[in-house]
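Chemist:
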Amino acid sequence: MATVDFSGIRKEICLAYLPDVEVGDYTIVHVGFAISKLDEESALETLAMFKELGILEEELGVESTEVGGTAS
Amino acid sequence: MKYIDEFNDPVLARRLFDEIARITTRPWAIMEVCGGQTHSIIRNGIDQLLPEEVELIHGPGCPVCVTPLGVIDKALAIAARPDVIFCSFGDMLRVPGSERDLFQIKSEGGDVRVVYSPLDAVRIAEENPDRQVVFFAIGFETTAPPNAMSVKLARDRGLTNFSVLVSHVLVPPAIEAIVGSPTNRVDGFLAAGHVCSVMGSWQYGPLVERHRIPIVVTGFEPLDVLEGIRRVVAQLEEGRAELENAYERVVRPEGNVPAQAMIGEVFETCDRQWRGIGEIPMSGWRLAPAFRDFDAEYRFDVGSINTEESGLCRAGEVLQGLIKPNECEAFGRECTPRNPLGATMVSAEGACAAYYQYRRLEGPTEVGVSVG
Chain U
169 MATVDFSGIR
179 KEICLAYLPD
189 VEVGDYTIVH
199 VGFAISKLDE
209 ESALETLAMF
219 KELGILEEEL
229 GVESTEVGGT
239 AS
Chain G
-18 MKYIDEFNDP
-8 VLARRLFDEI
2 ARITTRPWAI
12 MEVCGGQTHS
22 IIRNGIDQLL
32 PEEVELIHGP
42 GCPVCVTPLG
52 VIDKALAIAA
62 RPDVIFCSFG
72 DMLRVPGSER
82 DLFQIKSEGG
92 DVRVVYSPLD
102 AVRIAEENPD
112 RQVVFFAIGF
122 ETTAPPNAMS
132 VKLARDRGLT
142 NFSVLVSHVL
152 VPPAIEAIVG
162 SPTNRVDGFL
172 AAGHVCSVMG
182 SWQYGPLVER
192 HRIPIVVTGF
202 EPLDVLEGIR
212 RVVAQLEEGR
222 AELENAYERV
232 VRPEGNVPAQ
242 AMIGEVFETC
252 DRQWRGIGEI
262 PMSGWRLAPA
272 FRDFDAEYRF
282 DVGSINTEES
292 GLCRAGEVLQ
302 GLIKPNECEA
312 FGRECTPRNP
322 LGATMVSAEG
332 ACAAYYQYRR
342 LEGPTEVGVS
352 VG
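Listed in order, the protein sequences are those of chains U and G.
Every letter in the first sequence is one number past the one before it in the working numbering, and letter 65, counting from 1, is 233.
Every letter in the second sequence is one number past the one before it in the working numbering, and letter 95, counting from 1, is 76.
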């Protein structure tokens, strides 16, 4: 068992199905069990890909997308 | 919250909507299998912001909704016994049986308890050695490893007062049934990310090949859902049918191997009735013979049960994607979350509950006019 912090709410979670998880890792928890470790690198890659979507069209003036603020 | 807020970013969502609109040239019907995704779609208005050509059909991936009426009635009969503490996930309590629901059993004096995890039910069994503790073990593949663990733990600890009422259902046979139906109009599927995090994405390859239909493993935040839709539309427009993973930060091709091993030890595959849909071959799990002592259906003889569904409820058609919830005559009138006629109006994953909660109270024609 391990303590998992959900944005301030802490719960005791069973790690039997995710024995290699380490302190500081993010995990998906379902009914009291950690079932998958979140791959932070993959998450950042996906977000980077979203940020590039449509940029080419904008530069070419193909599409007039309204973008408010920066994508943080 | 980290890795949740980022996948709710409205600026990036706009980019994905624009990209989907750019690549869409023809009408496509895409089914999101999981009820969690249905709620994300309706809560965020994703269906209303997509190009008119892209229709989302809500799938049967709500475990509470498809748990067969006969099993609910058995649960009610067991929960009403004075020697039983009946433990369940919260959203089962208001699911209508033929005559009553678990809340009514509780109000009539039954000891019905909501638990967060099946491990809580094991603890209750340890604390109450003179009572029979029954856990209602329902759910899709994601919930099966935790439920299996409770049975394994109970056996290892020598608990003779713990048993489970099992009604597990499986996604791939349901997709097979939907694609194979003569009324099918689904062109591509968003597969349920958390089911795949346990079982892996490999299970869906044969379906893609057999039916030449795109399947994209998809997450639950708005950007996840949009990326899943974008990839399905891209495949359809290009005439491709492939298995893709749009939820790579959580889903590995092989899934969670220790969890699958536990499932293989505790459960065996069986035919299963799906409420509102009917029997789907090899679409469920029940306890393996080695664990029969922990099967509540064997432990408690509840006799024969005559089931009776509401005549007004069209949940079956909703679960098969044949109608939208607000096309049912009873929706929002005779049937509300407080007085549900069908399980789809109860659960946090039910399509009718999503439409009611986010005020999609009018028929789809009116919605189309006001938006488009």
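Think of the CB as a built atom: it goes at the ideal place given N, C-alpha and C, for glycine as much as any other residue.
1. Could you tell me the boundaries of the beta strand (DSSP E) in which M263/G lies?
2. Start and end of the beta strand (DSSP E) containing Q29/G?
3. With distances taken from CA atoms, which of F84/G, D(-1)/G, G51/G, E34/G is nearest V327/G?
4. Residues of the region 188 to 213 of chain U with a CB closer than 7 angstroms to any CB of chain G: list them in chain order, please.
5. Tell me whether the beta-carbon of G245/G lies closer than 9 angstroms to the beta-carbon of W183/G.
6. Determine whether the Cβ of A184/U lies closer than 9 angstroms to any Cβ atom of chain G.
7. Since M180/G is in the alpha helix (DSSP H), which residue starts that stretch and which ends it?
8. Using the three-state DSSP reduction, which class does F70/G fall into: helix, strand or coil?
9. Using a Cβ-Cβ cut-off of 9 angstroms, state whether K(-17)/G counts as contacting chain U.
10. Could you confirm whether any beta carbon from chain U is found closer than 9 angstroms to the beta carbon of D137/G?
11. Beta-carbon separation of S144/G and F275/G under 9 angstroms?
12. With DSSP as the reference, label F281/G as helix, strand or coil.
13. Quickly, what does DSSP pair H208/G with across the bridge? List them, please.
14. So what does DSSP say about K305/G, is it helix, strand or coil?
15. Between which residues of its own chain and P127/G is the CB-CB distance below 7 angstroms, once the five residues before and five after are set aside?
16. Would you list the one or two residues that DSSP bridges to I1/G?
17. Using a beta-carbon distance below 9 angstroms, is N237/G in contact with chain U?
18. Does T123/G pass the burial test, meaning 16 or more other C-beta atoms within 10 Å, or should it be called exposed?
19. From N226/G, I4/G, L31/G, A125/G, pick the residue whose C-alpha is nearest to that of R267/G; which is it?
20. Leaving out five residues before and five after L217/G in sequence, what residues of the same chain have Cβ atoms less than 7 angstroms from its Cβ?
21. Taking the alpha carbon of I105/G as the reference point, which residue from V283/G, A158/G, L151/G, S131/G has its own alpha carbon closest?
22. Name the DSSP beta bridge partners of G169/G, please?
23. For D64/G, does the count of other Cβ atoms within 10 angstroms reach 16, so buried, or fall short, so exposed?
24. For A227/G, which of helix, strand or coil comes out of DSSP?
25. Quick one: what's V197/U bridged to in DSSP?
26. What beta strand (DSSP E) runs, 3 residues minimum, are completely inside the region 41 to 105 of chain G?
27. Rounded C-beta distance between D92/G and F117/G? I'm assuming under 8 angstroms.
28. Less than 9 angstroms between the C-beta atoms of T288/G and G51/G, yes or no?
29. Report yes or no: do the region 194 to 214 of chain G and the region 248 to 257 of chain G share at least 3 C-beta pairs separated by less than 8 angstroms?
30. So is F(-12)/G in contact with chain U if we call contact Cβ pairs under 9 angstroms?
31. If we define contact as Cβ-Cβ less than 9 angstroms, is F70/G a contact residue for chain U?
32. Determine whether the Cβ of V47/G lies closer than 9 angstroms to any Cβ atom of chain U.
33. Please return the same chain residues whose Cβ sits closer than 8 angstroms to the Cβ of P110/G, not counting the five positions on each side in sequence.
34. Apply the 10 Å Cβ neighbour rule to P154/G and answer buried if 16 or more other Cβ atoms are within range, or exposed otherwise.
35. Starting from I181/U, trace the beta strand (DSSP E) in both directions and tell me its first and last residue.
Modeler: In terms of the structure at hand:
1. Translated into the one-based positions of the second sequence, residue 263/G becomes position 282. That run of the beta strand (DSSP E) goes 259 to 268.
2. Residue 29/G sits at position 48 when you count from the first residue of the second sequence. It is not in any beta strand (DSSP E) - Q29/G instead sits in the alpha helix (DSSP H) that spans 27 to 30.
3. To locate residue 327/G, count along the second sequence from 1; it is residue 346. The candidate whose alpha carbon is nearest that of V327/G is F84/G.
4. Y194, I196, H198, V199, G200, F201, I203, S204, L206, D207, S210, A211
5. Taking the second sequence and counting its residues from 1, one reaches residue 245/G at position 264. Taking the second sequence and counting its residues from 1, one reaches residue 183/G at position 202. Going by C-beta atoms, G245/G is not nearer than 9 angstroms to W183/G.
6. In the first sequence, counting from the first residue as 1, residue 184/U sits at position 16. It does: the Cβ of A184/U has a partner Cβ on chain G nearer than 9 angstroms.
7. Mapped onto the second sequence, residue 180/G falls at position 199. Looking at the DSSP string, the run of the alpha helix (DSSP H) that includes M180/G is 174 to 180.
8. Stepping through the second sequence from its first residue, residue 70/G is reached at position 89. Correct three-state label for F70/G: coil.
9. Locating residue -17/G in the second sequence gives position 2, counting from the first residue. Output row for K(-17)/G: interface = yes.
10. Here the question's residue 137/G lines up with position 156 in the second sequence. Not an interface residue.
11. As a position in the second sequence, residue 144/G is number 163, starting the count at 1. As a position in the second sequence, residue 275/G is number 294, starting the count at 1. Yes, the pair counts as a contact, with Cβ atoms nearer than the cut-off.
12. Against the second sequence, residue 281/G aligns to sequence position 300. Note: F281/G maps to coil in three-state DSSP.
13. In the second sequence, the residue the question calls residue 208/G occupies position 227. It is worth fixing the name first, because residue 208/G is Glu in this sequence and not His. E208/G is not bridged to any residue.
14. Within the second sequence, numbered from 1, the residue matching residue 305/G stands at position 324. In the structure shown, K305/G sits in coil (DSSP, three-state: anything other than H, G, I, E or B).
15. Position 146 of the second sequence, counted from the start, is the residue given in the question as residue 127/G. Only S98, P99 meet the Cβ criterion.
16. Start at 1 with the first residue of the second sequence, and residue 1/G comes out as number 20. Bridge partners of I1/G: none, in fact.
17. Locating residue 237/G in the second sequence gives position 256, counting from the first residue. Judged by the 9 angstroms Cβ criterion, N237/G is in contact with chain U.
18. Position 142 of the second sequence, counted from the start, is the residue given in the question as residue 123/G. Buried, because 16 or more other Cβ atoms sit within 10 Å of the Cβ of T123/G.
19. Translated into the one-based positions of the second sequence, residue 267/G becomes position 286. That would be A125/G, whose Cα lies nearest to the Cα of R267/G.
20. Stepping through the second sequence from its first residue, residue 217/G is reached at position 236. Correct list, in chain order: W9, D168, G169, P195.
21. As a position in the second sequence, residue 105/G is number 124, starting the count at 1. For the residues V283/G, A158/G, L151/G, S131/G, the minimum Cα distance to I105/G belongs to S131/G.
22. Reading the second sequence from its first residue, position 188 is the one you call residue 169/G. In DSSP, G169/G forms a bridge with I11/G.
23. Position 83 of the second sequence, counted from the first residue, corresponds to residue 64/G. Its Cβ having fewer than 16 others within 10 Å, D64/G is exposed.
24. Along the second sequence, one-based indexing puts residue 227/G at 246. DSSP places A227/G in coil when its eight states are reduced to three.
25. Your numbering for residue 197/U matches position 29 in the first sequence. Answer is A202/U.
26. 65 to 69, 92 to 95
27. Here residue 92/G is taken as the residue at index 111 of the second sequence, counted from 1. Here residue 117/G is taken as the residue at index 136 of the second sequence, counted from 1. Their Cβ separation, rounded to whole angstroms, is 13 angstroms, which puts D92/G and F117/G out of contact at 8 angstroms.
28. Within the second sequence, the letter at position 307 stands for residue 288/G. Within the second sequence, the letter at position 70 stands for residue 51/G. Going by C-beta atoms, T288/G is nearer than 9 angstroms to G51/G.
29. no
30. By one-based count along the second sequence, residue -12/G stands at place 7. Chain U contact via Cβ: present.
31. For this step, residue 70/G is matched to residue 89 along the second sequence. For F70/G, the answer is yes, since a Cβ of chain U falls inside 9 angstroms of its Cβ.
32. Residue 47/G sits at position 66 when you count from the first residue of the second sequence. False, the Cβ-Cβ gap to chain U never drops below 9 angstroms.
33. On the second sequence, position 129 is the one that residue 110/G refers to. Excluding sequence neighbours, P110/G sits near N142.
34. Translated into positions along the second sequence, residue 154/G becomes position 173. So P154/G ends up on the buried side.
35. Here residue 181/U is taken as the residue at index 13 of the first sequence, counted from 1. Looking at the DSSP string, the run of the beta strand (DSSP E) that includes I181/U is 177 to 181.
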